[in-house]
Amino acid sequence: MAHRHVPAKKVQVGIIGAGPAGLLLAHLLHLAGISSVVIEAKSRKYVEERIRAGVLEQGTVDVLRETGIGARMDREGLLHHGTILKFAGEARRIDFQDLTGQAVMVYGQHEVVKDLIAARLESGGEIVFDVSDTRIDGIEGREPTVSYLKDGARHTLACDFVAGCDGFHGVSRAAIPADVLRVYERVYPFGWLGILAKSPPASEELIYANHERGFALLSMRSPEISRLYLQCPPDEEIANWPDERIWEELQVRLAGGEGWRLEEGPVIQKGVTAMRSFVAEPMRHGRLFLAGDAAHIVPPTGAKGMNLAVGDVRVLARGLEAFYRDGGEDGLAAYSDTCLRRIWKVQRFSWWMTQMLHTFDDASPFDRRRQLAELDYLTTSRAAATTLAENYVGLPMDWGPQ
Ligand code: FAS
Ligand code: PHB
């Protein structure tokens, strides 16, 4: 069906995706006086209610505060100075503050998204929700375009640059020629069943549990709302898990044998997330830059997905700022390599946390005892605990050449 074409709109950066990556990039560019338009396939309500990540590392907290987006996070977020590992009937704490002098903030990704959308709209930013048939053209030239359908018409953004912030299932990654793109992937033999429940978290800090029946995680969104996960088969049907069964399994796996109990409550959201490690290289092709889940996925065990997306766009915003300020292209030229140095270190950490905390059907008795010995070593050696802590609170930013 032919659609009416709306005359192209000139914008410096066309951003695809209103997740943390796209929204933060638009905000950072605005502060630098660089124009952008964000286009988003879903509705505003959908993206603001989509429950995903929960832990902000120090660098993410810093950039939100430094750019005027941190007020509600500081009011409503929960500052955590450590985390608890439960295994072999024991509970042992990793003290981030003592080991690194830093902490993490527990504040839902959907809350960050709400704050970023509000800030963009308040400062006159343009976010086009409910678009379809997004297309990217001309990225190997100097005048790429992004076009999309909205209200029965095809709209076109004439850009200098395109930021592909459209997540794992977006269209941006496919715009890089197949003979240029390299993909690295590991798919795990399990997933996470996650619930959001109206029940006070039974611990002030997160609990990561390695139990013989499988991994479990106690997290939270507020003093009234718990966020809990348990390891399940990767293709698990949520229908197999009535609330009673979920709570019963969580009680066993998180109690760690010490008789400790969760306070149960109404489950207000539940779902199964598959788990993979994924990296697409390079993250730039011509005038297209990939950022966030469009370029990489980590298993959520290390609480890194959103934080990596934030790191990408901080580097990209700096490179674009230098380009528009004095024509410098070093930052943009190094963007992919700069981000990938951090991404691969975070991939390692996320894989390491996942292999250490989950049960594997093909694990031998030796593997099982070795896994428990690693947790014992990690929680009795300051050097070993420091490696977990420094990765969990976030490695120092690597800005690359400026
Ligand atoms: P996002 O996927 O957040 O945003 C991309 C946006 O692009 C979406 O809004 C999408 O609708 C839009 N889009 C896609 N195609 C488009 C198109 N063609 N045109 C226009 N718009 C398009 N991370 C953690 O750290 N901890 C967790 O517990 C955790 N849980 C997760 C659970 C699930 C189910 C998923 C999928 C991810 C989870 N993550 C978690 C990772 C998650 O937080 C991501 O890392 C984070 O959302 C990355 O942000 P973005 O790169 O902005 O991508
Ligand atoms: C969450 O609160 O959703 C969360 C916290 C830590 C993780 C993963 C998810 O490692």
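Residue numbers (the working numbering): 735 to 1136. All C-beta atoms in this analysis are idealised placements derived from N, C-alpha and C, irrespective of residue type, glycine included. Owing to the predicted nature of the structure, the values given are computational and were not obtained by experimental measurement.
Let me make sure I understand the geometry here. Which of the options has the alpha-carbon closest to that of residue i?
i       : options                               : result
ALA1025 : PRO1034, ARG1010, ASN1041 and PRO1033 : ASN1041
VAL986  : ARG784, LYS1038, ILE773 and LYS820    : LYS820
PRO976  : GLN1003, ALA989, ARG955 and ASP969    : GLN1003
VAL789  : ARG907, VAL781 and GLY816             : GLY816
ASP871  : GLY858, GLY859 and ALA909             : ALA909
ALA1029 : ASP864, SER1011 and ALA1037           : SER1011
PRO934  : PRO957, VAL917, GLY948 and TYR918     : PRO957
VAL781  : VAL1032, GLY901 and ILE803            : GLY901
VAL745  : HIS764, ARG1082, LEU984 and HIS739    : HIS764
TRP981  : VAL1032, GLU997, ARG1116 and ALA853   : GLU997
GLY904  : ALA853, VAL921, ILE1031 and LEU762    : ILE1031
ALA873  : ALA853, ASP867 and PRO911             : For the record, residue 873 in the displayed sequence is Ile; it is not Ala. The option with the nearest alpha carbon to ILE873 is PRO911.
VAL917  : GLY804, TRP1078 and ASP1095           : TRP1078
THR1088 : PHE1100, LEU1109, SER1098 and PRO1099 : LEU1109
SER866  : LYS776, LEU940, PRO923 and LEU1066    : LYS776
GLY1065 : ASP1101, TRP1133 and LEU855           : TRP1133
GLN1105 : PRO1135, GLY811, ALA943 and SER937    : ALA943
GLU983  : GLU971, LEU1129 and CYS966            : CYS966
ALA936  : SER953, GLY948 and HIS945             : SER953
Can you give me the start and stop residues for the alpha helix (DSSP H) that residue i sits inside?
i       : result
HIS764  : 754 to 765
MET1009 : From DSSP, MET1009 is part of no alpha helix (DSSP H) but of the beta strand (DSSP E) over 1001 to 1015.
ARG916  : Here ARG916 belongs to no alpha helix (DSSP H); instead the beta strand (DSSP E) covers 916 to 931.
LEU798  : 792 to 800
ALA1056 : 1039 to 1060
MET943  : Met is not the amino acid found at residue 943; the sequence shown has Ala there. Where ALA943 is concerned, there is no enclosing alpha helix (DSSP H), although the beta strand (DSSP E) it sits in stretches over 941 to 945.
HIS844  : 843 to 856
GLU860  : That residue, GLU860, is in no alpha helix (DSSP H); its beta strand (DSSP E) goes 860 to 862.
LEU1074 : 1069 to 1091
ILE980  : 977 to 989
GLN1105 : 1099 to 1112
MET954  : Per DSSP, MET954 belongs to no alpha helix (DSSP H); it is in the beta strand (DSSP E), 948 to 954.
GLU810  : 805 to 810
VAL1032 : Taken as a continuous stretch (DSSP letters only), VAL1032 belongs to no alpha helix (DSSP H), as it is neither H nor E.
ALA1123 : 1116 to 1127
Span of the beta strand (DSSP E) holding residue i?
i       : result
LEU819  : 816 to 821
CYS899  : Careful: CYS899 lies outside any beta strand (DSSP E) and carries neither H nor E.
GLU748  : It should be noted that the sequence gives Gly, not Glu, for residue 748. It spans 743 to 750 - the beta strand (DSSP E) in which GLY748 sits, taken as one unbroken run.
ARG784  : Premise fails: ARG784 is in no beta strand (DSSP E) and is neither H nor E.
MET839  : 838 to 840
VAL772  : 770 to 773
LEU1024 : 1022 to 1024
ARG961  : 960 to 966
LEU833  : Unbroken run through LEU833 is the alpha helix (DSSP H), 830 to 834; no beta strand (DSSP E).
THR879  : 879 to 884
THR868  : 866 to 871
Short of 6 Å in beta carbon distance, which residues of its chain neighbour residue i, apart from the five on each side in sequence? Order them along the chain.
i       : result
ARG955  : GLY842 and ARG961
TYR963  : TRP926, GLY928 and LEU951
ARG827  : GLY816 and ILE818
ALA787  : GLN843, GLY1039 and MET1040
PRO1016 : SER1070
TRP1085 : SER1011
GLY1045 : ARG1076
ARG888  : HIS737, HIS739 and SER881
ARG869  : SER881
ARG920  : SER1011
TYR1111 : ALA1118
GLY913  : A small correction: the amino acid at residue 913 is Asp; Gly does not occupy that position in the sequence shown. There are no such residues.
ALA1043 : PRO754, ALA755 and GLY1026
Leaving aside the five residues before and after residue i along the sequence, list all residues of the same chain whose C-beta is less than 7 Å from its C-beta, in chain order.
i       : result
GLU783  : HIS844
GLU1063 : PHE1057
THR801  : HIS761, LEU762 and LEU765
SER1098 : none
ALA822  : LEU1106
Within the same chain, show all residues whose beta-carbon is closer than 8 Å to that of residue i, passing over the 5 residues directly before and after it, in chain order.
i       : result
LEU759  : VAL747, ILE749, SER770, ALA897, CYS899, ALA1025, VAL1047, LEU1050 and ALA1051
VAL1127 : GLU791, GLN792, PHE830, THR834, GLN836, ALA837 and VAL838
ARG907  : GLY898, LEU915, ALA1014, LEU1024, ALA1028 and ALA1029
VAL847  : ALA752, GLY753, PRO754, LEU757, VAL781, GLU782 and ARG784
GLY875  : GLY1020 and ARG1021
LEU930  : ILE785, ARG955, ILE959, SER960, ARG961, VAL1001, ILE1002, GLN1003 and LYS1004
Task: Those residues, in chain order, that have a beta-carbon closer than 5 Å to some heavy atom of the ligand PHB - done: Taken from the N-terminal end onward, the list reads GLY788, VAL789, SER953, ARG961, PRO1034 and ALA1037.
- [ ] For the segment 1009 to 1022 and the segment 884 to 903, state whether three or more C-beta atom pairs, one from each stretch, are separated by less than 8 Å.
- [x] Here the segment 1009 to 1022 makes contact with the segment 884 to 903; the two share three or more CB pairs at distances below 8 Å.
Open item on the list: Does the segment 851 to 862 come into contact with the segment 766 to 777, if we say contact requires no fewer than three beta-carbon pairs (one atom in each stretch) closer than 8 Å?
Closed with: Output reads yes: the segment 766 to 777 touches the segment 851 to 862.
Open item on the list: If contact is defined by three or more beta carbon pairs under 8 Å, each pair taking one atom from either stretch, is the segment 1057 to 1074 in contact with the segment 1116 to 1129?
Closed with: Counting Cβ pairs under 8 Å, fewer than three are found: no touch.
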